[in-house]
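Residue numbers (the working numbering): 47 to 533.
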Amino acid sequence: MQCTDLSNVDLLVKAHGEHMRYVPEWGKWLIWDGQRWRTDITGQIIRWMSVIVRRKYHWSQKWAAAPDLTDEEREKREAVHKWWARSGSTTKLHAIERLARSYEGIPVGYEELDQKPDLLNLKNGTFDLKTGELRDHSPADLLTKMARVEFDPDVVAPRWDKFISEVLCGDRELIEFVRRIFGYALTGHTHEQCYFFLHGFGCNGKSTLINVIHHMLGDYSQTCAPNLFVTNGGDAHPTGVARLCGARFVASTEIEGKDKRLAEQLLKQVTGGEAMVARRMREDFWEFTPTLKLFLSANSLPHIEGSDHGTWRRIHKIPFNLTIPEEDRDNDLPYILETYELSGIFNWIFQGCQDWYRAGLQPPESSKEETKKWRGVCDPLEGYLEEATAHGKTLEEQQRTEMYAWLDVDKNNKDKSIAVSDFQTGYRSWLKSNGLDLVGGRKISGDMEAKGFTKDRVTVKSKTRYSWLGIAPVLLEAKKKKEPVGG
47 MQCTDLSNVD LLVKAHGEHM RYVPEWGKWL IWDGQRWRTD ITGQIIRWMS
97 VIVRRKYHWS QKWAAAPDLT DEEREKREAV HKWWARSGST TKLHAIERLA
147 RSYEGIPVGY EELDQKPDLL NLKNGTFDLK TGELRDHSPA DLLTKMARVE
197 FDPDVVAPRW DKFISEVLCG DRELIEFVRR IFGYALTGHT HEQCYFFLHG
247 FGCNGKSTLI NVIHHMLGDY SQTCAPNLFV TNGGDAHPTG VARLCGARFV
297 ASTEIEGKDK RLAEQLLKQV TGGEAMVARR MREDFWEFTP TLKLFLSANS
347 LPHIEGSDHG TWRRIHKIPF NLTIPEEDRD NDLPYILETY ELSGIFNWIF
397 QGCQDWYRAG LQPPESSKEE TKKWRGVCDP LEGYLEEATA HGKTLEEQQR
447 TEMYAWLDVD KNNKDKSIAV SDFQTGYRSW LKSNGLDLVG GRKISGDMEA
497 KGFTKDRVTV KSKTRYSWLG IAPVLLEAKK KKEPVGG
């Protein structure tokens, strides 16, 4: 036999090659444990090689001591025995491990891992989220993650059903929306390009809800520090971003305070399918495409600076309006749900996943209205301009709303105009109807100019007034009489 480091690697790969892979970008070994590929943090490769060396050492010792050998044969066998004695040294073992990293069939790119968005690895098999089929775990799938739940199609979760109904105040549309959201979060798809903000004052069940899903999804779930998605004047630290790689459910809680501002550029990155740069400690930088669905929660809403459609279309606000009285709080509920109902909860969410595959998220009006109100607080003028714009709304819809002027907005058309005073009247009416603070004319003018609107003297029917250009009131065919709505 050959006595070289490479021949030793041949033996290692022959014995364990199907169960070992090396990720060069991470500088880490992955070991197949029968259910998934997990990072080797205990030196399994060295242990496997040590077992081979030890067996070969004892075998060669007996082989070299066999009787009736010629001197030449004995010398050859003793050389082999000495080789196996040297192979047990720390230097040799680590040399073999380093050679194995580049052995044919052993290296795997990190971008090849967890690349099947419709598969979810469970404790009792790999689950196809599209078909509902459970099959045996397979190393060929290159899955590194596993949820903490077993699939059992026959179990239900009555306590979970009661809990969900309680914390969402029995709102069936909102309950089904939350089910579709969590179903979407089971997958590795991200084309909805959105994130979810759970909002409500304390003792309302939102933390229990998030924690149970986080527990159930195991390796597919990550929690992150509240400040990761809050702006701090710089980019997010790459080691914090690295935690997001491969996750499908990410929760960040306690993002509190109106003085806090969300890191909107980072939120666009993680929800928009853009490649992100990350690294872990003592690693080089590498890129990954996020697969996560982000769940933020807080008792008070942070400020969002962006007023563009691209910012607000990504946000789904989920209201938690219940406050559970102290005497009705069940401190054992998380334990009960995680210990006795996890498989039933998974079945409940899987139904939401099927609904999502079929029809998408379909946010209910309650969620849309809550998000709209939040936008109105962060940028009330933009909220007004978007909500009051008549484009795409039927005449009947326009006639039903009479608390503010319907508008025709086209900044490039300077022939359109609305008197400054009429615009202020409609805007203040909208602010009042949405429970927002009224603002003065100077503030309104400054905000309009910041959005690119200009004003000038405009004469209509021999009457000259200061007017905003590129925006005009919509004349409605009112049921009783024809008149400009709002002024």
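For glycine and all other residues, C-beta sits at the position ideal for the given N, C-alpha and C. Here the structure is a predicted model, which is why all the values come from computation and not from measurement.
Per DSSP, residue 82 lies in no alpha helix (DSSP H) segment and is marked neither H nor E. Taken atom to atom, the span from the alpha-carbon of residue 183 to that of residue 110 is near 44 Å.
DSSP links residue 518 through a beta bridge to 454.
As DSSP reads the structure, residue 502 sits in a beta bridge with 513.
According to the DSSP secondary-structure assignment, residue 333 is paired through a beta bridge with 323. By the Cβ test, the segment 212-226 is in contact with the segment 365-384, since at least three Cβ pairs between them sit closer than 8 Å. With respect to the 8 Å criterion, residue 313 and residue 360 are classified as neighbours on the basis of their beta carbons.
DSSP lists 244 as the bridge partner or partners of residue 364. Closest in C-alpha terms to residue 375, from the list 251, 288, 341 and 493, comes 251. In the same chain as residue 48, and ignoring 5 residues on each side of it, no C-beta atom comes closer than 8 Å to its own. In the three-state scheme derived from DSSP, where H, G and I count as helix and E and B as strand, residue 374 is classed as helix.
With respect to the 8 Å criterion, residue 138 and residue 167 are not classified as neighbours on the basis of their beta carbons.
Listed as beta-bridge partners of residue 298 by DSSP are 342. In this structure, residue 154 lies near residue 69, with their beta-carbon atoms less than 8 Å apart. Within its own chain, the residues whose Cβ lies closer than 8 Å to the Cβ of residue 103, once the five positions on either side in sequence are excluded, are 127, 130, 131, 133 and 134, listed in chain order. In the DSSP annotation of this structure, the continuous segment of the alpha helix (DSSP H) that includes residue 137 starts and ends at 136-146. Residue pairing by DSSP places residue 74 opposite 69 in a beta bridge. Burial is judged here by how many other beta carbons sit within 10 angstroms of a residue's own beta carbon; residue 295 has at least 16 and is buried. Counting along the chain, residue 257 sits inside the alpha helix (DSSP H) bounded by residues 252-263.
In this structure, DSSP gives residue 194 a state outside helix and strand, which the three-state scheme calls coil.
Considering only 370, 246, 227 and 479, the residue with the shortest C-alpha distance to residue 238 is 227. Within the DSSP secondary-structure output, residue 174 pairs in a beta bridge with 165. For residue 389, the uninterrupted alpha helix (DSSP H) segment begins and ends at 388-405. Here residue 153 carries a strand assignment [DSSP, helix/strand/coil].
Residue range 267-269 is occupied by the beta strand (DSSP E) that includes residue 268.
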